[in-house]
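Asks:
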Amino acid sequence: MVGTNANDLELKERLELIESMLAEGRRTTKRWSWTIVLWGVAFYVAIGWSSGMLGGPIWGQHYMAWPVTMIGTWLLTWGLFRRMRSGAKAPMTTVGRAMMSIWTAMGISMFALLLPMGLSGRGDQQVYVAVVTSLLGTANAASGLLLKWKAQFACAVVWWLASAASLFGTVTQSTIAFLVAIFLCQIVFGIYAMVLEARDRRASGAVHA
Amino acid sequence: MPELPDLNPVVHGKLRLALLTLLMGVDEAEFTWLREKTGASDGNLGAQLLKLEEAGYVSVEKKFVQRKPQSLYRMTETGRVALSEYVAALKQLLGNAAI
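Sequences listed follow chains D and V, in order.
With my numbering, you'll find the first sequence wraps up at 455, consecutive numbering, no jumps.
With my numbering, you'll find the second sequence wraps up at 169, consecutive numbering, no jumps.
1) Is residue 149 of chain V closer than 7 Å to residue 127 of chain V when the C-beta atoms are compared?
2) Can you tell me which of D:342, D:384 and D:391 puts its alpha carbon nearest to the alpha carbon of residue 356 of chain D?
3) In three-state terms, what does DSSP make of residue 139 of chain V?
4) Using a beta-carbon distance below 7 Å, is residue 96 of chain V in contact with chain D?
5) Anyone know if the C-beta pair for residue 415 of chain D and residue 283 of chain D falls short of 7 Å?
6) Does the segment 256-273 of chain D come within contact of the segment 284-293 of chain D, defined as at least 3 CB pairs closer than 8 Å?
7) Could you tell me the boundaries of the alpha helix (DSSP H) in which residue 424 of chain D lies?
8) Quick one: residues in its chain with C-beta nearer than 7 Å to the C-beta of residue 327 of chain D, no 5 flanking neighbours on either side, listed in chain order?
9) Check whether chain D comes within 7 Å of residue 146 of chain V, counting only Cβ atoms and requiring the distance to be less than that.
10) Using beta carbons (cut-off 7 Å, strictly below), is residue 264 of chain D in contact with chain V?
11) Only counting the same chain, and skipping five residues up and downstream in sequence, which positions put a Cβ closer than 7 Å to that of residue 413 of chain D?
12) Which of the residues in the segment 111-145 of chain V, read from start to end, lie with their CB under 8 Å from any CB of chain D?
13) Shortest alpha-carbon distance to residue 314 of chain D belongs to which of D:447, D:361, D:257 and D:389?
14) Using DSSP's beta-bridge definition, name the partner residues of residue 132 of chain V.
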């Protein structure tokens with residue numbers, strides 16, 4: 247029965263196997279950090295386009311900047327995700343589904359709020375920035391809490407600070423707060439997440455059960 | 071002294087335990103993904119999955135995708151309960167062994 251060392255070892259081995267398989271299953275959710283950088287670049291393109299910093303005939307349509315960039319980036323993200331998933335044959339995990347739900351809900355909220363705001367003309371640039379950064383803060387906080395990832399929760403705090411700064415500052419200060427938050431929370435954090443992912447992939451080998 | 075629980079022999083098998091744990095965290099999984107994660111051979115993996123299927127712990131859906139056969143495995147509610155009870159029993163046994 248249980249009293250012998252051999253049996254104890256076998257039971258401990260089973261417990262370790264459960265832990266390692268749980269970790270192995272979770273690994274399939276972790277190839278998404280490139281989307282953080284992609285969306286950071288998309289935000290910069292949209293800001294550059296809408297502010298007239300990008301030249302050329304297409305870039306001249308400033309009012310199209312945000313809808314076109316956001317819808318285009320969403321389609322690109324969806325297409326690349328599908329391609330990556332079908333290539334690796336990785337199943338959808340519970341955590342993966344939860345993460346996808348958070349970011350999909352955030353994206354729908356953004357469109358549902360910002361598009362009518364833009365069409366109705368209610369709300370100025372500072373309010374726009376405050377809404378966008380606040381929603382990004384909410385999604386990052388939810389993801390950070392779900393994954394127990396302090397770095398992502400710190401990003402949520404940066405987004406919320408940018409949201410508050412946008413409402414209290416001038417238009418220029420609001421833009422600067424937005425640009426800084428994008429750089430820290432999308433570009434820097436995204437690259438950091440990609441490095442962690444790459445390290446994790448290198449560390450993981452075949453599990454022989 | 072409280073009676074020690076018995077471990078479910080179907081779940082206790084090393085590969086079967088690995089498979090149930092993997093399936094617990096996903097909606098469904100392909101045979102090839104399970105093989106990749108466990109490092110088991112096709113024959114052994116198929117045999118252990120069949121035992122789990124016969125016990126009612128997993129269900130399988132076989133279909134063709136782009137003319138290639140695909141087996142999708144899902145954990146059933148019975149399997150979920152069996153694994154939860156196994157983990158609880160394992161923890162109790164290890165607790166009694168004073169680790």
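Where is the CB? At the ideal position from N, CA and C, for every residue including glycine.
All figures in this text were calculated on a predicted structure; none of them were measured in a lab.
Replies: The short version:
1) As a position in the second sequence, residue 127 of chain V is number 57, starting the count at 1. As a position in the second sequence, residue 149 of chain V is number 79, starting the count at 1. The answer is yes: Cβ separation under 7 Å.
2) Translated into positions along the first sequence, residue 356 of chain D becomes position 110. Put simply, of D:342, D:384 and D:391 the residue whose alpha carbon is nearest the alpha carbon of residue 356 of chain D is D:384.
3) Against the second sequence, residue 139 of chain V aligns to sequence position 69. DSSP places residue 139 of chain V in strand when its eight states are reduced to three.
4) Taking the first residue of the second sequence as position 1, residue 96 of chain V is located at position 26. Output row for residue 96 of chain V: interface = yes.
5) Mapped onto the first sequence, residue 415 of chain D falls at position 169. Mapped onto the first sequence, residue 283 of chain D falls at position 37. No, the Cβ-Cβ distance between residue 415 of chain D and residue 283 of chain D is not below 7 Å.
6) Counting Cβ pairs under 8 Å, fewer than three are found: no touch.
7) On the first sequence, residue 424 of chain D is found 178 positions in, with the first residue counted as 1. Run containing residue 424 of chain D: 417-428, per the alpha helix (DSSP H) assignment.
8) Counting from 1 along the first sequence, the entry for residue 327 of chain D is found at position 81. So no residue of the chain qualifies.
9) Taking the second sequence and counting its residues from 1, the one referred to as residue 146 of chain V is at position 76. Output row for residue 146 of chain V: interface = no.
10) As a first step, residue 264 of chain D must be located in the first sequence, where it is residue number 18. It does; some Cβ of chain V falls within 7 Å.
11) Position 167 of the first sequence, counted from the start, is the residue given in the question as residue 413 of chain D. 372 and 376.
12) Of all residues in the segment 111-145 of chain V, none places a beta-carbon less than 8 Å from a beta-carbon of chain D.
13) Looking up residue 314 of chain D in the first sequence gives position 68. Considering only alpha carbons, the answer is D:361.
14) Within the second sequence, the letter at position 62 stands for residue 132 of chain V. Beta-bridge analysis with DSSP links residue 132 of chain V to V:141.
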